[in-house]
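Following: one structure in structure tokens, then a few remarks.
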Amino acid sequence: MTGGAVVLALIIGWVTDLLLRKADERHRETPLWGLLRRTRVPYQLVLCAALLNGSYGQAGLPAEHRVAIGRTLALVLIGSAAWLVIRIAAAVVETSYSRYASAHAHRDPARVRRVRTQIELIMRVVSAAVIVVAAASMLLVFPAMRAAGASLLASAGILGIVAGVAAQSTLSNMFAGLQIAFGDLVRIGDTVVVEGEWGTVEEITLTFLTVRTWDERRITMPVSYFTSKPFENWSRGGSQMTGTVFFHLDHSAPLDAMREQLRDILRECPAWDGRAYNLVVTDTTPTTMEVRALVTAKDGSDLWTVRVTVREQLLRWLVAHHPYALPRINTADVAPSLGCPGHHSPFRDGAERPSSDGRERAAADRGDGRRQGSGRAAESLS
Numbered sequence: 121m122t123g124g125a126v127v128l129a130l131i132i133g134w135v136t137d138l139l140l141r142k143a144d145e146r147h148r149e150t151p152l153w154g155l156l157r158r159t160r161v162p163y164q165l166v167l168c169a170a171l172l173n174g175s176y177g178q179a180g181l182p183a184e185h186r187v188a189i190g191r192t193l194a195l196v197l198i199g200s201a202a203w204l205v206i207r208i209a210a211a212v213v214e215t216s217y218s219r220y221a222s223a224h225a226h227r228d229p230a231r232v233r234r235v236r237t238q239i240e241l242i243m244r245v246v247s248a249a250v251i252v253v254a255a256a257s258m259l260l261v262f263p264a265m266r267a268a269g270a271s272l273l274a275s276a277g278i279l280g281i282v283a284g285v286a287a288q289s290t291l292s293n294m295f296a297g298l299q300i301a302f303g304d305l306v307r308i309g310d311t312v313v314v315e316g317e318w319g320t321v322e323e324i325t326l327t328f329l330t331v332r333t334w335d336e337r338r339i340t341m342p343v344s345y346f347t348s349k350p351f352e353n354w355s356r357g358g359s360q361m362t363g364t365v366f367f368h369l370d371h372s373a374p375l376d377a378m379r380e381q382l383r384d385i386l387r388e389c390p391a392w393d394g395r396a397y398n399l400v401v402t403d404t405t406p407t408t409m410e411v412r413a414l415v416t417a418k419d420g421s422d423l424w425t426v427r428v429t430v431r432e433q434l435l436r437w438l439v440a441h442h443p444y445a446l447p448r449i450n451t452a453d454v455a456p457s458l459g460c461p462g463h464h465s466p467f468r469d470g471a472e473r474p475s476s477d478g479r480e481r482a483a484a485d486r487g488d489g490r491r492q493g494s495g496r497a498a499e500s501l502s
């Protein structure tokens, strides 16, 4: 009988999987049937445990063995049933999300990310609840645990207070996770800046959040951080962004030609979303001026690509066609004195300028001459 129960469970599981596979081939528009095929193992375990639980008593086993086998089969049945419920719930939820995402991905991607975040957290809560119920059911299989349950319920108030104090940080993180999920504070796929690190939200649970940085590092932080401290969310209210590229150029830089070249560069850049661009002078110094190029993109990742592309290609164009526009530093030394052979004046008018020592000597000579002239005038008057 027991062998027949196992064979029957395997046959039913194989037939069910075959039917699900054919349904998946016929209905490619929905992933439900393919996801339900993942329940084959827990489904067969449930069938096998249920059939064995109903037939092992006819095997003529001793009483003490029947009790142990019965409890073991009950534990397997409860565990596999919980596993099956979680797999079925995940398949249904994932199917519902895929339909919603395919219908709204282009119109409202931010809302799709919000729904994704909520679904993942809800599935974690459902899984935790099913596991807790299954664990409690397993404990009730043993008579000793049933007697202990009454005393545990009697002291539940005191235990609840002690557990609440001990798990205060954990509970705060769990409530923060629910607040993030249903308060639309941050979503999976959002571009954020946390503690000076730029990255994308990769995973959100009830207790922690994972951010994937641009260099493939993972930053794991408690979710309570995002409800208690400020952070930048570049995807909040829409993922479109505006960025700037600054250049320090000579005053003679061809601004009109730079604007035309910027337009040509952006037209060839697939990361530019075509919304806006401009190029203006934002500051000036005695030797250079600051030129700002403004560009737009659909998200933070594309904005980075547009900025580096504009910076590189515009500088390359200036070097090739307008090298005089690049800033230069004059490192020529001024001649220490006049009349040096082969010396060329560093001044634009071509005139020589005396050094400070020369000016001091000339002033002293003029002073001595004035004193000598005044002495001669006094002698003539006398």
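With my numbering applied, the sequence shown corresponds to residues 121 to 502, in that order. In this text, a Cβ means the ideal position worked out from N, Cα and C, and glycines have one as well. Every value quoted in this text rests on a predicted model; they were computed, and no experiment measured them.
Asked                                                                                                                      : Found
Extent of the continuous alpha helix (DSSP H) run through I385                                                             : L375 to R387
Inter-residue spacing [alpha-carbon to alpha-carbon] between L140 and V245                                                 : 28 Å
Residue burial classification, V253 (beta-carbon count within 10 angstroms, cutoff 16)                                     : exposed
Element boundaries [beta strand (DSSP E), containing F367]                                                                 : M361 to L369
In chain order, each alpha helix (DSSP H) run of at least 4 residues that lies wholly inside the stretch 168-242           : 183-224
Spatial distance of G394 from A377 (CA atoms)                                                                              : 20 Å
Stretch pair the stretch 408-427 + the stretch 377-393: three plus CB contacts closer than 8 Å                             : yes
Euclidean distance between Cα positions of R356 and R412                                                                   : 26 Å
Selection from H185, A249, L193 and R219 that minimises the alpha carbon distance to V205                                  : A249
Backbone CA spacing between H371 and L435 [nearest angstrom]                                                               : 16 Å
First through last residue of the alpha helix (DSSP H) which encompasses R337                                              : No alpha helix (DSSP H) contains R337, which DSSP labels as neither H nor E.
L130 classed as buried or exposed, judged by whether at least 16 other C-beta atoms fall within 10 angstroms               : exposed
Three-state secondary structure assigned by DSSP to P151                                                                   : coil
Beta-carbon contacts of G154 that lie in its chain and below 6 Å, excluding the five residues immediately before and after : D144
Test item: CB-CB of L298 and T362 under 8 Å                                                                                : no
Closest by C-alpha distance to F295, when choosing among P263, T333, H185 and Y345                                         : Y345
Segment limits, beta strand (DSSP E) that includes E323                                                                    : E317 to I324
Opening and closing residue of the beta strand (DSSP E) in which A391 lies                                                 : It is not in any beta strand (DSSP E) - A391 carries neither H nor E in the DSSP assignment.
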